[in-house]
Amino acid sequence: MSNPRRAGRALVAVGVFGVLASVVGVVVGWRLVTELDTAVGRSLTLTSEALVALESSVEVAEGALVLIDTGLASTETTTRDVSAALEEGEELFDATATLTEDQIATSLEAVEGTLPSLIEVAGVIDRTLSALSALPLGPAYDPQVPFDESLRGLQSELDGLPEDLRAQADLIRGAGGSLATVRDGTGDIADSLAELQTALSASAELLGEYTATAGQARELVTESEASLEAQLRLARALICTLGLVLASGQLVPLGAGWLLLHPERARKLLEEG
C-alpha cells in the first residue's frame, strides 16, 4: 500500500505545485504587463508632450518668419521706389546741368558779346538826347545813370558768369552721378532683400511641413496609446485565462492523488457510481 500512497502524494504534490506555479505565473505576468504599461505609457506621454512643444515652437517660428517675410517684402518695395525716385532725380540733375551749360551760359555769352556794340550805341543815344534836351523845345533828358554806363554795369555783372554757370553745371552733373551711385546701391540692396525673402519663404514652407509632420506624429502617438491600452487589456485577459487553464489542468493529478491517498473513499464512490 505504500506505493499507491507514495504515488498519490507525488500526484498531489505535482498538482499543488502546478496550481502554485499557475498563480505565480499569473501574478508575475500581470506585474510585467503593468510595468510595461507604465513604462511605455510614460514614454508615449513624454513623446506626445515633446511633440506638442515642438509643434508649438515650430508654429511660433513659422509665424515669425512670415512676419519677417512680409516686412522684407515691404522694405524691398520701398527700396525699389527710392531707387526709381533717385533715377528721376538723376535725370533731373542731368537735365538741369545741360540747361545751365548749353542754353543759359551760351545765351549769356551771346548777350555779353553784343554788349560792346550796345554800349557804343547807348553812348550815341545818350549824347544825342542830352543835346536835344538843351534845345528850347527838346525833350527833358537827365538820367541819374547814363544809358551806356548802365550797360557797362551789366557787362561787369555778366563778366565770368557763363564760366561760373558751366562750373556749376559740372557740379550738378556730379551730384547726379552721386545719385546714380546711390541708386545702384539701393538696387543691390533691393536685390539682396529679394533673395533673403525667397530664402525665408522657403524656410517658412519647410517649417510648415515640420508642423504638419509633428502633428501627424502626435496623432500617431495618441493612436499608439489607445492601441497599446487595448493590447495590454488583451494580454492581461490572456494571462488570466492561461493561469486558469493551467490551474484547472492540475485537477487531474490532484484528484488522482487524492484517490490514491484515500482508497476506501474511492471504492465507495465507485460502488455508489
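Each residue of the sequence shown is one higher than the last, beginning at 265 in our numbering.
We treat Cβ as the ideally placed atom computed from N, Cα and C, and that holds for glycine.
**Request:** Report, in whole angstroms, the separation of the C-beta atoms of Val276 and Trp522, which I expect to be a contact under 8 Å.
**Result:** 7 Å
**Asked** Pick from Ser312, Leu300, Val292, Val278: whose alpha carbon is nearest that of Arg482?
**Response** Looking from the CA of Arg482, the closest CA among Ser312, Leu300, Val292, Val278 belongs to Ser312.
**Asked** For Ser423, does the three-state DSSP call read helix, strand or coil?
**Response** Note on residue identity: the sequence assigns Asp, not Ser, to residue 423. Three-state result, Asp423: coil.
**Prompt:** When the Cα of Asp452 is compared with those of Ala433, Thr392, Ser347, which residue comes out closest?
**Reply:** Ser347
**Prompt:** Quick one, which of Glu459, Gln432, Leu484, Glu323 has its alpha-carbon nearest Asp358's?
**Reply:** Gln432
**Asked** Where Thr334 and Thr462 are concerned, what is the direct C-alpha to C-alpha distance, given to the nearest angstrom?
**Response** A straight-line Cα-Cα distance of about 11 Å links Thr334 and Thr462.
**Prompt:** Among the residues of its own chain, which have a CB less than 7 Å from the CB of Leu350, if the five just before and after it don't count?
**Reply:** Closer than 7 Å at Cβ, skipping near neighbours: Leu443, Val446, Arg447, Thr450.
**Item:** Chain-order list of residues whose beta-carbon lies under 8 Å from that of Leu496 (same chain, five-residue window excluded)
**Value:** Val297, Leu300, Asp301
**Item:** Environment of Pro380 [buried if 16+ CB atoms lie within 10 Å]
**Value:** exposed
**Request:** Could you pull out every residue in the same chain whose Cβ sits closer than 6 Å to the Cβ of Gln514, ignoring the five residues on either side in sequence?
**Result:** Gly279, Gly282, Val283
**Closest Cα partner of Thr550 within the set Asp412, Val509, Glu487** = There is no way to answer for residue 550, as the model of the chain reaches only from 265 to 537.
**Prompt:** For Gln244, does the three-state DSSP call read helix, strand or coil?
**Reply:** Examination of residue 244 is not possible in this model, given that the chain is present from 265 through 537 alone.
**Prompt:** Thinking C-alpha only, which one of Glu373, Leu498, Ser465, Glu473 is nearest Leu336?
**Reply:** When only C-alpha atoms are compared, the closest one is Ser465.
**Asked** Leaving out five residues before and five after Leu363 in sequence, what residues of the same chain have Cβ atoms less than 8 Å from its Cβ?
**Response** none
**Request:** For Val290, collect the residues of the same chain with a Cβ closer than 7 Å to its Cβ; drop the 5 residues on either side in sequence, then sort them by chain order.
**Result:** So the list reads Ile503, Cys504, Gly507, once near-sequence residues are dropped.
**DSSP three-state assignment for Pro410, whether helix, strand or coil** = Pro410 sits in coil when the DSSP states are folded into three classes, being neither helix nor strand.
**Item:** Contact belief for Leu372 with Leu418 at Cβ below 8 Å, rounded distance in angstroms
**Value:** The Cβ separation is near 11 Å, so there is no contact.
**Request:** Using alpha carbons as the reference points, say which of Arg500, Tyr474, Val516 lies closest to Trp294.
**Result:** Arg500
**Asked** With a CB to CB cut of under 7 Å and the five nearest residues on each side skipped, what residues in its chain are close to Val322?
**Response** Once the five neighbours on either side are set aside, the close Cβ partners of Val322 are Leu471, Tyr474, Thr475, Ala478.
**Nearest-angstrom Cβ-Cβ length linking Gly272 and Leu524, presumed shorter than 8 Å** = 3 Å
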